[in-house]
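Trainee: Could you have a look at this structure, given as structure tokens, before my questions?
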Amino acid sequence: MSRPDTGVVHYDLPSPYIPHPCGLLHLPRFIAKAKKAVKGELGKSYQRNYKKGFDRFLCLHLGIDPDDVENIVRESADDEEIERRLAAILPEDLKVAKWNREVVQKGLSPMGREALDAAKKKMGIEDREDLMTFADMIEFDEERIP
Numbered sequence: 001m002s003r004p005d006t007g008v009v010h011y012d013l014p015s016p017y018i019p020h021p022c023g024l025l026h027l028p029r030f031i032a033k034a035k036k037a038v039k040g041e042l043g044k045s046y047q048r049n050y051k052k053g054f055d056r057f058l059c060l061h062l063g064i065d066p067d068d069v070e071n072i073v074r075e076s077a078d079d080e081e082i083e084r085r086l087a088a089i090l091p092e093d094l095k096v097a098k099w100n101r102e103v104v105q106k107g108l109s110p111m112g113r114e115a116l117d118a119a120k121k122k123m124g125i126e127d128r129e130d131l132m133t134f135a136d137m138i139e140f141d142e143e144r145i146p
């Protein structure tokens, strides 16, 4: 079976399942996408969900603005500065377990299942019952799941 063409694939982006040193899943991926975006290197298929989707849900969870994260990335000289400046805007209680549970379960609710099924149909992979969450779909698209 051939894989669907979803446009440019950034194989170098971290998996949404990879935690940041503070414990939050998806944060390393959001930071990596911001780095590409500020350089004008974020692929068109990624731009559709950049600062939306998981990025936005993460920022809502943390009570921060996705644009602030992007500005930190744009204005920082290196990763150390990014981390220092991010730490300054993050809340004291990150509610890591709550967020991480949400990430790994996105797509399991009845409404989420409908959206996931629609995405799988659009990609021509509606038979892939092993892809149960949106994080799984990212993993599939970036070929970490065969």
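With full-length UniProt numbering as the guide, the letters of the sequence shown map in order to residues 1 to 146.
Glycine included, C-beta positions come from ideal geometry on N, C-alpha and C.
(1) What three-state label does DSSP hand Pro91 in the structure shown?
(2) Flag this pair as yes or no: are the beta carbons of Ile31 and Ile82 separated by less than 8 Å?
(3) So, at 8 Å on beta carbons, what are the nonlocal neighbours of residue 204 in its own chain, with the 5 sequence-adjacent residues on each side left out?
(4) For Glu70, count neighbouring Cβ atoms within 10 angstroms of its own Cβ and tell me buried if that reaches 16, exposed if not.
(5) Taking DSSP's pairing of strands, which residues face Leu25 in a bridge?
(6) With burial defined as no fewer than 16 other Cβ atoms inside 10 Å of the residue's Cβ, what is the status of Ile18: buried or exposed?
(7) In or out: Gly107 buried (at least 16 other Cβ within 10 Å) or exposed?
(8) Hey, out of Leu25, Pro21, His20, whose CA is closest to Asn100's CA?
(9) With distances taken from CA atoms, which of Pro28, Tyr46, Asp136, Met137 is nearest Asp79?
(10) Taking the alpha carbon of Ala135 as the reference point, which residue from Leu94, Leu116, Ser76, Asp127 has its own alpha carbon closest?
(11) My output table needs one value for Pro110: the three-state DSSP class, helix, strand or coil.
(12) Out of Glu75, Glu139, His61, which one is the CA nearest neighbour of Leu90?
(13) Cα separation between Arg84 and Ile145?
Mentor: Once the coordinates are examined:
(1) coil
(2) yes
(3) Residue 204 lies beyond the range of the chain shown here (1 to 146); nothing can be said about it.
(4) buried
(5) Pro19
(6) exposed
(7) buried
(8) Leu25
(9) Pro28
(10) Leu116
(11) helix
(12) His61
(13) 33 Å
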